[in-house]
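Remarks on the structure that follows.
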Amino acid sequence: MTLRPIRMRDQRAWREVNRRNRDWLRPWEATVPPAPPGHVAQRPTYRQMVRHLRSEAGAGRMLPFVIDYQGRLAGQLTVAGITWGSMCSAHIGYWVDEAIAGRGVMPTAVAMAVDHCFRRVGLHRVEVCIRPENGPSRRVAEKLGFREEGLRPRYLHIDGGWRDHMVYALTAEEVPEGLLDRWHRARPSASQK
104 MTLRPIRMRD QRAWREVNRR NRDWLRPWEA TVPPAPPGHV AQRPTYRQMV RHLRSEAGAG
164 RMLPFVIDYQ GRLAGQLTVA GITWGSMCSA HIGYWVDEAI AGRGVMPTAV AMAVDHCFRR
224 VGLHRVEVCI RPENGPSRRV AEKLGFREEG LRPRYLHIDG GWRDHMVYAL TAEEVPEGLL
284 DRWHRARPSA SQK
């Protein structure tokens with residue numbers, strides 16, 4: 104499994120995985136809120152999305168990745184809202200192909216991204232905000248040892264409405280050995296499953 108920057112040439116594979124998982128992702132995926140009167144809200148095209156992600160990455164505000172699993176695009180992970188100065192913080196959002204969910208791919212990808220943020224980028228804190236109803240995503244954060252910090256009411260527009268989210272967080276001091284190493288040590292071996 105690898106994390107790598109998203110590319111324009113990923114369009115066909117990204118669209119195929121996203122289309123196939125449309126119903127599975129709908130309850131958790133951010134949506135564009137209704138536009139004010141006189142304006143039209145539109146979902147961006149793939150090319151517009153990638154251009155925006157690259158622009159934000161170039162400005163130091165975002166790290167957009169795709170997840171490759173067994174040589175195929177299997178999801179997306181974005182480190183966003185990067186804030187410098189006295190905060191040095193960001194949040195992570197992600198999705199994965201339902202066909203590989205439950206195989207440890209997402210916790211591994213999140214652990215890799217957090218280690219990159221703490222060790223290479225120089226961030227101090229990383230958050231993951233998850234809808235309370237999203238048990239599998241909450242388990243990802245819990246397996247990795249993220250602290251549950253509370254509820255953010257009506258935090259993000261998802262599936263047609265403003266939805267509450269649980270906040271999970273980690274700071275660099277909490278994983279001095281690295282999150283990926285801790286995840287590998289805590290993960291049951293195949294013989295224990």
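In this text, residue positions in the sequence shown follow the working numbering: the first is 104, and each later residue adds one. Here a beta-carbon is modelled for each residue, glycine too, at the ideal position from N, C-alpha and C. Keep in mind it's a predicted model, so treat the numbers as computed, not measured.
Return helix, strand or coil for Gly253, following the three-state DSSP convention. Taking the sequence shown and counting its residues from 1, the one referred to as residue 253 is at position 150. Strand at Gly253.
Going residue by residue through the region 203-231, where are the continuous alpha helix (DSSP H) segments of at least 4 residues, counting only ones entirely within it? 208-218
Given that a residue counts as buried once 16 or more other Cβ atoms are within 10 Å of its Cβ, and exposed if not, what is Thr105? As a working note, residue 105 is residue 2 in the sequence shown. So Thr105 counts as exposed.
Out of Gln145, Gly238, Glu230, Leu282, state which residue places its alpha-carbon closest to the alpha-carbon of His219. Numbered from 1 along the sequence shown, position 116 holds the residue referred to as residue 219. That would be Leu282, whose Cα lies nearest to the Cα of His219.
Looking at Ala177 and Ile203, is the spacing between their C-beta atoms short of 7 Å? By one-based count along the sequence shown, residue 203 stands at place 100. By one-based count along the sequence shown, residue 177 stands at place 74. Contact flag set, yes.
Residue environment, Glu230, which counts as buried when at least 16 other CB atoms sit within 10 Å: Locating residue 230 in the sequence shown gives position 127, counting from the first residue. When all chains shown are included, Glu230 counts as buried.
Under the rule that 16 or more other beta-carbon atoms within 10 Å means buried, what is Arg107, buried or exposed? Within the sequence shown, the letter at position 4 stands for residue 107. Label assigned to Arg107: exposed.
Taking the C-alpha atoms as reference points, what is the distance between Phe221 and Asn124? Working through the sequence shown from its first residue, we reach residue 221 at position 118. Working through the sequence shown from its first residue, we reach residue 124 at position 21. Approximately 31 Å, taken between the alpha carbons.
Let me know the secondary structure DSSP gives Gln295 once reduced to three states. The residue labelled residue 295 in the question sits at position 192 within the sequence shown. Below a pLDDT of 50, predicted positions are generally treated as unreliable, and Gln295, at 46, falls in that range; the measurement from the model is reported next regardless. Helix at Gln295.
If you drop the 5 nearest sequence neighbours on each side, which residues of the same chain put their C-beta closer than 8 Å to that of Pro235? The residue you call residue 235 lines up with position 132 of the sequence shown. Hits under 8 Å: Arg241, Leu254, Asp267, His268, Met269.
Under a three-way DSSP split, which group does Pro239 fall into? Residue 239 sits at position 136 when you count from the first residue of the sequence shown. Looking at Pro239 - three-state DSSP - the assignment turns out to be helix.
Separation of Thr148 from Met190, as counted between CA atoms: Reading the sequence shown from its first residue, position 87 is the one you call residue 190. Reading the sequence shown from its first residue, position 45 is the one you call residue 148. Taking the straight line joining both Cα atoms gives about 33 Å.
Cα separation between Leu166 and Ala216? Start at 1 with the first residue of the sequence shown, and residue 166 comes out as number 63. Start at 1 with the first residue of the sequence shown, and residue 216 comes out as number 113. Straight-line Cα distance between these residues: approximately 9 Å.
Report yes if the CB atom of Trp286 is closer than 7 Å to the CB atom of Ala212, and no otherwise. Taking the sequence shown and counting its residues from 1, one reaches residue 286 at position 183. Taking the sequence shown and counting its residues from 1, one reaches residue 212 at position 109. Not in contact: Trp286 and Ala212 (Cβ atoms no closer than 7 Å).
Any chance the region 117-136 sits against the region 243-262, with 3 or more Cβ pairs inside 8 Å? yes
Do you know offhand how far Glu252's Cα is from Tyr271's? Within the sequence shown, the letter at position 149 stands for residue 252. Within the sequence shown, the letter at position 168 stands for residue 271. One C-alpha to the other measures close to 6 Å.
Pull up the distance between the alpha-carbon of Gly163 and that of Val169, whole angstroms please. Residue 163 sits at position 60 when you count from the first residue of the sequence shown. Residue 169 sits at position 66 when you count from the first residue of the sequence shown. Cα-Cα distance, rounded: 18 Å.
Local conformation of Leu106 per DSSP, three classes: By one-based count along the sequence shown, residue 106 stands at place 3. Strand, per DSSP.
Measure the C-alpha to C-alpha separation of Gln145 and Arg288 and round it to an integer number of angstroms. Taking the sequence shown and counting its residues from 1, one reaches residue 145 at position 42. Taking the sequence shown and counting its residues from 1, one reaches residue 288 at position 185. Those two C-alpha atoms are separated by around 44 Å.
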